[in-house]
Structures are given as C-alpha cells and as structure tokens.
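S.K.: Before I ask anything, let me first share the structure, which is written out below as structure tokens.
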Amino acid sequence: MGYKAYYELMRNSQFSTEVTDSALDPNKRKFKKIKIKITKDDFQLDLE
Numbered sequence: 804m805g806y807k808a809y810y811e812l813m814r815n816s817q818f819s820t821e822v823t824d825s826a827l828d829p830n831k832r833k834f835k836k837i838k839i840k841i842t843k844d845d846f847q848l849d850l851e
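Here the sequence shown is numbered in our numbering, starting from 804 and rising by one per residue.
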C-alpha cells in the first residue's frame with residue numbers, strides 16, 4: 804500500500820484502530836486479516 808493511501812485510510816477511525824491494535828510492529832499490521840505493507844509509491848494498492 805502506498806504511503807499516501809495509507810495516510811488517507813488512517814484518517815478513518817475504524818481502520819486506524821484496527822490496524823494499530825493488530826500489532827506493535829508496523830511491518831506486521833493487518834486489517835480484517837489482510838496484511839498491510841507500506842511502500843514508497845504514493846497510492847499503490849496491491850491485494851493478494
């Protein structure tokens with residue numbers, strides 16, 4: 804996920820609460836069991 808897309812999603816309280824509560828390590832965070840990895844691209848979004 805691009806860092807700008809992540810920023811926009813983190814403005815949503817439900818998303819930000821679930822993501823930040825999922826793991827202390829930012830590289831292991833999840834939303835609804837979907838792993839989230841931040842990239843240097845602006846608005847990249849890859850789903851696996």
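Glycine included, each C-beta is placed from N, C-alpha and C at the ideal position.
Computed from a predicted structure; not experimentally measured.
What is the rounded straight-line gap between the Cα of Ile839 and the Cα of Phe846?
M.R.: For this step, residue 839 is matched to residue 36 along the sequence shown. For this step, residue 846 is matched to residue 43 along the sequence shown. Between Ile839 and Phe846, the C-alpha separation is close to 13 Å.
S.K.: In terms of residue numbering, what span does the alpha helix (DSSP H) encompassing Met813 cover?
M.R.: Translated into positions along the sequence shown, residue 813 becomes position 10. 806-813 is the span of the alpha helix (DSSP H), which, as asked, contains Met813.
S.K.: Given a cut-off of 7 Å on the beta-carbon distance, is the pair Tyr806 and Ile841 in contact?
M.R.: Along the sequence shown, read from residue 1 onward, the residue named residue 806 stands at position 3. Along the sequence shown, read from residue 1 onward, the residue named residue 841 stands at position 38. Cβ distance < 7 Å, so Tyr806 and Ile841 count as in contact.
S.K.: DSSP puts Thr842 in a beta bridge; with which residues?
M.R.: Counting from 1 along the sequence shown, the entry for residue 842 is found at position 39. Thr842 pairs with Gly805.
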